[in-house]
Amino acid sequence: MNEAAVARARRDTPGCSEVIHLNNAGASLPPAVVVDTVVDYLEEEARVGGYELAEARGEDLAGVYRSVAGVIGAGEDEIALVDNATRAWDMAFYSFPFRNGDRILTTTTEYGANFIAYLQVAKRTGARVEVIPDTATGEVDVDALEEMIDDRVRLISMNHMPTNGGLINPAAAVGRIAKDAGVPFLLDACQTVGQMPIDVDEVGCDLLSATSRKFLRGPRGVGFLYVRDRFIESLEPAMLDLHGASWVARDRYEVRRDAKRFETWESSPALRLGLGAACDYALDIGLDAIWRRVSGLAARLRTDLDRVDGVTVHDKGAVKGGIVTFSVAGVPAAVLKQELGKRRINVSTTSVYSARIDMEQRGLDETIRASVHYFNTDDELAEFISALAYVVA
Ligand SMILES: Cc1ncc(COP(=O)(O)O)c(C=O)c1O
Numbered sequence: 182m183n184e185a186a187v188a189r190a191r192r193d194t195p196g197c198s199e200v201i202h203l204n205n206a207g208a209s210l211p212p213a214v215v216v217d218t219v220v221d222y223l224e225e226e227a228r229v230g231g232y233e234l235a236e237a238r239g240e241d242l243a244g245v246y247r248s249v250a251g252v253i254g255a256g257e258d259e260i261a262l263v264d265n266a267t268r269a270w271d272m273a274f275y276s277f278p279f280r281n282g283d284r285i286l287t288t289t290t291e292y293g294a295n296f297i298a299y300l301q302v303a304k305r306t307g308a309r310v311e312v313i314p315d316t317a318t319g320e321v322d323v324d325a326l327e328e329m330i331d332d333r334v335r336l337i338s339m340n341h342m343p344t345n346g347g348l349i350n351p352a353a354a355v356g357r358i359a360k361d362a363g364v365p366f367l368l369d370a371c372q373t374v375g376q377m378p379i380d381v382d383e384v385g386c387d388l389l390s391a392t393s394r395k396f397l398r399g400p401r402g403v404g405f406l407y408v409r410d411r412f413i414e415s416l417e418p419a420m421l422d423l424h425g426a427s428w429v430a431r432d433r434y435e436v437r438r439d440a441k442r443f444e445t446w447e448s449s450p451a452l453r454l455g456l457g458a459a460c461d462y463a464l465d466i467g468l469d470a471i472w473r474r475v476s477g478l479a480a481r482l483r484t485d486l487d488r489v490d491g492v493t494v495h496d497k498g499a500v501k502g503g504i505v506t507f508s509v510a511g512v513p514a515a516v517l518k519q520e521l522g523k524r525r526i527n528v529s530t531t532s533v534y535s536a537r538i539d540m541e542q543r544g545l546d547e548t549i550r551a552s553v554h555y556f557n558t559d560d561e562l563a564e565f566i567s568a569l570a571y572v573v574a
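This note's numbering puts the first residue of the sequence shown at 182, with every later residue one more than the last.
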């Protein structure tokens, strides 16, 4: 992105004049078009009626699926719109009929909520959760994964980028192994959708979960699940309602054939339209350009942080994206976050609860997470570094 494109993005984003926002991995600042889309819809809903407006705006709402699909190279029938990334992931994961002795392979950096689901299913069914070792640079070791494959492996499930660090996992290499082995591959792309180009066919994942509010810059409270078309009918959601299925006879129901079987009937059309607007906005800028800008800013931030006395940068990965994690000797993460917040600089913290295996392996209880987006500027990063140096001194 050139300077003019960044300046335009900042003009489009009301929050840019309020805060230095380095919490894009938490929830990014939405562009005005997203906010207006949501607010305008809610106002109209209040005037004309919720069901009536949803019917009248049916085509626009159908267009959201096209927009979401466009961001990951999917087909619109392969998309389910749900409340958030965890729910999207859950709807996929809990639809697998795991049995005693089945193996689920995942990564050291797996997101806490996903791991809790593994443990719950393991407790209920006797399936085993196994962690694929890392390479020296921290990402999932694809050679080790290949060696772990046997006929008891029922699922490979991992994140594309963890919640607690900059590394990008080699999803396409994992996808090839999964495909060769005929094992389903569920990718948690919550932190990568919107910050880098993703094509589900190139990645080779069968299922992918993501959210609206992070690097896509959409509203909170909405997310999505991608399910490869040939897979959809083999997966029956653990929960169904009158949208996912029809009650066709007293003793029979029929599950719908597209990915909408994973949705619920009730949803927020306003938020969905906001998500669609966010996808269109990202596609308009271009995900290649976004990725170059985000990864470049994050690399610069890591270099600058390295120069601050007492700061240790924790990111691993041969390829790194927009999440930058660090700690400051002797200063708790929460205190630093609060001090920066007083200066209108937003960062977040991550703890052992979000990615226990990785954090324990590295002896970390918590880190500070500064996550950049393309609308951040070098000046903002410089201001952040000097505020940090001041707080630390
Ligand atoms: C890697 C990863 N997966 C899943 C999630 C969960 O997303 P959500 O809060 O939308 O359920 C997060 C949230 O931080 C995440 O970082």
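From the three backbone atoms N, C-alpha and C, an ideal C-beta is built for every residue, glycine too.
message = Could you check whether the Cβ of Lys360 sits closer than 8 Å to any heavy atom belonging to ligand 1?
response = no
message = Could you tell me which whole alpha helix (DSSP H) segments of length 4 or greater appear in the segment 280 to 343?
response = 293 to 306, 323 to 329
key: Residues of its chain near Ile566, where Cβ-Cβ distance is below 6 Å and the 5 sequence neighbours each way are ignored   = Asp485
Pick from Leu421, Leu416, Leu388 that is closest to Val408, judged by C-alpha positions = Leu388
message = Whole angstroms are fine: how far does the CA of Pro378 sit from the CA of Ile253?
response = 7 Å
C-alpha distance - Ala536 paired with Pro343, whole-angstrom precision = 8 Å
message = Going by DSSP, what residue range makes up the alpha helix (DSSP H) through Ala250?
response = 239 to 253
request  = Out of Ala317, Thr316, Ala298, state which residue places its alpha-carbon closest to the alpha-carbon of Ala308.
outcome  = Ala298
task = For Val509, I'd like the list of residues in its chain whose CB is within less than 7 Å of its CB, leaving aside the five on either flank, ordered along the chain.
result = Gly491, Val492, Leu517, Val573
message = On a Cα-Cα basis, can you pick out the residue from Val312, Val436, Ser338 that is closest to Ser162?
response = Outside the displayed span of the chain (182 to 574) sits residue 162, for which this structure offers no information.
message = Closest to Leu421 by C-alpha separation, out of Phe412, Val219, Arg411, Arg438, would be which residue?
response = Arg438
query = Going by DSSP, what residues sit across from Arg550 in a beta bridge?
reply = Thr506, Ser529
message = For Ala577 and Thr267, I'd like the C-alpha separation in whole angstroms.
response = Lying outside 182 to 574, the shown extent of the chain, residue 577 is not represented and no answer is given.
ask   = Looking at the structure shown, is Ala206 part of a helix, part of a strand, or coil, going by DSSP?
value = coil
query = Going by beta carbon distance, what residues of the same chain come within less than 6 Å of Val561, once the five residues before and after it are set aside?
reply = It should be pointed out that residue 561 corresponds to Glu in this sequence rather than to Val. So the list reads Ile201, once near-sequence residues are dropped.
query = For Phe366, which beta-bridge partners are listed by DSSP?
reply = Ile337
ask   = Under the three-state reduction of DSSP, which class applies to Lys501: helix, strand or coil?
value = strand
ask   = Hey, quick one: how far does the alpha helix (DSSP H) through Ala514 stretch, first residue to last?
value = 514 to 523
The alpha helix (DSSP H) enclosing Glu224, as first and last residue numbers = 213 to 229
query = What is the rounded straight-line gap between the Cα of Ala235 and the Cα of Leu242?
reply = 8 Å
DSSP beta-bridge partners of Tyr407 = Ile260, Leu389
task = Indicate whether Ile260 and Tyr275 have their beta-carbon atoms separated by less than 9 Å.
result = no
inquiry  = Taking 8 Å as the limit between beta carbons, can you name the residues of its chain near Ile466, skipping five residues before and five after?
reply    = Met182, Ala186, Ala190, Tyr555
message = For ligand 1, is there any heavy atom lying closer than 8 Å to the beta carbon of Asp496?
response = no
task = Determine the closest residue to Glu414 out of Arg394, Asp432, Arg442, with distance taken between C-alpha atoms.
result = Arg442
task = Using alpha carbons as the reference points, say which of Asp369, Ile538, Leu262 lies closest to Pro314.
result = Ile538
query = Can you find at least 3 beta carbon pairs, one from the segment 399 to 407 and one from the segment 456 to 463, that sit closer than 8 Å?
reply = yes
query = Any idea if Ser198 is buried or exposed, counting beta-carbon neighbours within 10 angstroms, 16 or more meaning buried?
reply = exposed
request  = Figure out for me which residue from Ala470, Thr373, Ala551, Ser338 has the closest Cα to the Cα of Arg284.
outcome  = Ser338
key: Arg433 in three-state terms, based on DSSP   = strand
query = Is Ser448 helix, strand or coil by DSSP?
reply = coil
ask   = If you count every other CB in all the chains shown that lies within 10 Å of the CB of Gln372, and 16 or more means buried, which is it?
value = buried
request  = Taking only the alpha-carbon atoms, compute the straight-line gap between Leu262 and Glu444 and give it to the nearest angstrom.
outcome  = 6 Å
inquiry  = Once the 5 residues before and after Leu210 are set aside, which same chain residues still bring their CB inside 6 Å of it?
reply    = Thr194, Gly196, His202
query = Hey, would you say the C-beta of Thr392 is under 8 Å away from at least one heavy atom of ligand 1?
reply = yes
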